[in-house]
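Okay, so the sequence shown: first residue is 1 according to the numbering used here, each after it adds one. We put the beta carbon where it would ideally sit given N, CA and C, even for glycine. Read the structure below first, then the notes.
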Amino acid sequence: MPRGLVLVSTPIGNLADISARALSALRSADLVLCEDTRTTARLLTAHGVSARTMALHEHNEDGRTTQVLALLREGKRIALVSDAGTPLVSDPGYRLVRAAIAEGLPVSGIPGANAALLALTLSGLPPHPFLFLGFPPPRQAARLAAFTALRGAERAGLSATLIWYEAPHRLAETLADLAQSLGDRPAAIARELTKRFEEVRRGTLPELAAHYATNAARGEIVILAGPPPEQETPEADLDALLSAALTSHSLKEAVAQVTAATGLPRRQVYARALALTGRED
Ligand code: SAM
Numbered sequence: 001m002p003r004g005l006v007l008v009s010t011p012i013g014n015l016a017d018i019s020a021r022a023l024s025a026l027r028s029a030d031l032v033l034c035e036d037t038r039t040t041a042r043l044l045t046a047h048g049v050s051a052r053t054m055a056l057h058e059h060n061e062d063g064r065t066t067q068v069l070a071l072l073r074e075g076k077r078i079a080l081v082s083d084a085g086t087p088l089v090s091d092p093g094y095r096l097v098r099a100a101i102a103e104g105l106p107v108s109g110i111p112g113a114n115a116a117l118l119a120l121t122l123s124g125l126p127p128h129p130f131l132f133l134g135f136p137p138p139r140q141a142a143r144l145a146a147f148t149a150l151r152g153a154e155r156a157g158l159s160a161t162l163i164w165y166e167a168p169h170r171l172a173e174t175l176a177d178l179a180q181s182l183g184d185r186p187a188a189i190a191r192e193l194t195k196r197f198e199e200v201r202r203g204t205l206p207e208l209a210a211h212y213a214t215n216a217a218r219g220e221i222v223i224l225a226g227p228p229p230e231q232e233t234p235e236a237d238l239d240a241l242l243s244a245a246l247t248s249h250s251l252k253e254a255v256a257q258v259t260a261a262t263g264l265p266r267r268q269v270y271a272r273a274l275a276l277t278g279r280e281d
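Now the structure itself:
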């Protein structure tokens, strides 16, 4: 294992999905930083590795960073792992890595599993370009605003397969919001990858939204939506964006949001919002 900070990827379910180099790095590390020491202990035990572990998570990362930088300056070998997959990807570690880089301390990585990339390759959707967006906002108003902004970016030229992580209890509502904001397009749900009940369900966003509205999802989930269809009618699109925004915003706020997202004249968006809501000027 090289000196310095080493980002070590771990399995996303199947404990056998870890590289020989990752195991050797964990074995020779002076310290293994992990999100949850119990989760990492299970992995280490399964592979007969004994290592000194210390928790580094969202809530103590700043304090730990000072401590870890001091160890790195002494030339120690420090491994960083997360509970699953690649550290930093919707997981802690970014602030530590940024601080180590700023001090010119060595940072390297041992690649391995990542749920977003495995889901992308299994989805049947165009593999690139792709845009990984982490977890959508948990609150519906913020989520719809985020999806509307994304739709605005698509109208401005973004064309990529979109990838999110999501908790099972929010899947149905997030899919409904996605269907409403992004419309009818190919999508996929990748669930429990590398585990016993692995499943990839493919369909359009409305089809998947309808399925999960009546079939509660379990386990760990990746949502993928294909790029926007090439032929689009701007009017239908404007209506979809406005309808989505109007579910959680006042008419004035919805018009402001959709105007910003589409770049269309405010007058046109306002007139359409009045028509959709049946209100008068
Ligand atoms: N760092 C991890 C990675 O590289 O994939 C992701 C960590 S993030 C906190 C955890 C989320 O990743 C889960 O809520 C789920 O959305 C997704 N995920 C992790 N393992 C998964 C699996 N086996 N199948 C599907 N999704 C998974």
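Using only the alpha-carbon positions, how far apart do residue i and residue j sit?
{"i": "Gly219", "j": "Gly278", "result": "43 Å"}
{"i": "Gly104", "j": "Ala22", "result": "23 Å"}
{"i": "Val97", "j": "Val107", "result": "7 Å"}
{"i": "Leu131", "j": "Leu150", "result": "11 Å"}
{"i": "Arg272", "j": "Asp239", "result": "7 Å"}
{"i": "Ile101", "j": "Leu69", "result": "10 Å"}
{"i": "Tyr212", "j": "Gln180", "result": "15 Å"}
{"i": "Ala172", "j": "Leu133", "result": "18 Å"}
{"i": "Gly183", "j": "Phe197", "result": "29 Å"}
{"i": "Leu276", "j": "Thr214", "result": "29 Å"}
{"i": "Val32", "j": "Thr65", "result": "13 Å"}
{"i": "Pro2", "j": "Thr161", "result": "36 Å"}
{"i": "Met54", "j": "Cys34", "result": "6 Å"}
{"i": "Val255", "j": "Gln67", "result": "49 Å"}
{"i": "Asp36", "j": "His57", "result": "8 Å"}
{"i": "Thr204", "j": "Ser243", "result": "19 Å"}
When you compare each of the options to residue i by their alpha carbons, which one comes out closest?
{"i": "Asn60", "options": "Pro92, Ser243, Ala254", "result": "Pro92"}
{"i": "Leu44", "options": "Leu242, Ile18, Leu7, Glu74", "result": "Ile18"}
{"i": "Leu125", "options": "His57, His169, Ser9, Ile163", "result": "Ile163"}
{"i": "Ala141", "options": "Val107, Leu178, Asp184", "result": "Leu178"}
{"i": "Ala268", "options": "Tyr94, Glu235, Ala153, Ile12", "result": "Note that residue 268 is Gln in the sequence shown here, rather than Ala. With distances taken between Cα atoms, Gln268 lies closest to Glu235."}
{"i": "Ala217", "options": "Thr37, Ala167, Val89, Pro229", "result": "Ala167"}
{"i": "Val200", "options": "Gly63, Pro129, Ile223", "result": "Ile223"}
{"i": "Pro11", "options": "Gly85, Cys34, Asp30", "result": "Gly85"}
{"i": "Thr194", "options": "Ser159, Ala116, Leu31", "result": "Ala116"}
{"i": "Arg77", "options": "Asn14, Arg52, Asp237", "result": "Arg52"}
{"i": "Pro227", "options": "Leu88, His128, Gly63, Arg95", "result": "His128"}
{"i": "Ser9", "options": "Gln67, Leu71, Ser82", "result": "Ser82"}
{"i": "Ser248", "options": "Gly263, Thr204, Leu120, Ala146", "result": "Ala146"}
{"i": "Pro137", "options": "Gly152, Tyr165, Glu154", "result": "Tyr165"}
{"i": "Val258", "options": "Ala187, Ala225, Gly152, Arg170", "result": "Gly152"}
{"i": "Leu283", "options": "Ser50, Leu15, Gly4", "result": "Limits of the chain in this structure are 1 at one end and 281 at the other, which puts residue 283 out of reach."}
{"i": "Arg191", "options": "Leu71, Ser123, Arg73, Gly109", "result": "Ser123"}
{"i": "Arg42", "options": "Ala29, Phe135, Ala16", "result": "Ala16"}
{"i": "Leu7", "options": "Val89, Leu71, Gly63", "result": "Val89"}
Here's the rule: buried if 16 or more other CB atoms are within 10 angstroms of the residue's CB, otherwise exposed. What is residue i?
{"i": "Pro111", "result": "exposed"}
{"i": "Gly48", "result": "exposed"}
{"i": "Pro229", "result": "exposed"}
{"i": "Thr174", "result": "buried"}
{"i": "Ile189", "result": "buried"}
{"i": "Arg143", "result": "buried"}
{"i": "Ala156", "result": "exposed"}
{"i": "Ala245", "result": "buried"}
Does residue i get closer than 7 Å to chain B when you measure Cβ to Cβ?
{"i": "Arg170", "result": "Here chain B cannot be found, since the structure has a single protein chain."}
Discussion item. Give the list of continuous alpha helix (DSSP H) stretches no shorter than 4 residues that lie fully inside the stretch 108 to 135.
Written reply: Counting whole runs of 4 or more residues, the stretch 108 to 135 contains the alpha helix (DSSP H) stretches 115 to 123.
Item to complete: Starting from the N-terminal side, write out each stretch of the beta strand (DSSP E) that is 3 residues or longer and does not extend beyond the stretch 181 to 224.
Response: With a minimum length of 3 residues, the continuous beta strand (DSSP E) runs that stay inside the stretch 181 to 224 are 186 to 191, 199 to 204.
Worksheet item: For the stretch 139 to 172, which segments carrying the beta strand (DSSP E) assignment without a break, of at least 3 residues, lie completely within its bounds, in sequence order?
Response: DSSP runs (the beta strand (DSSP E)) wholly in the stretch 139 to 172: 161 to 166.
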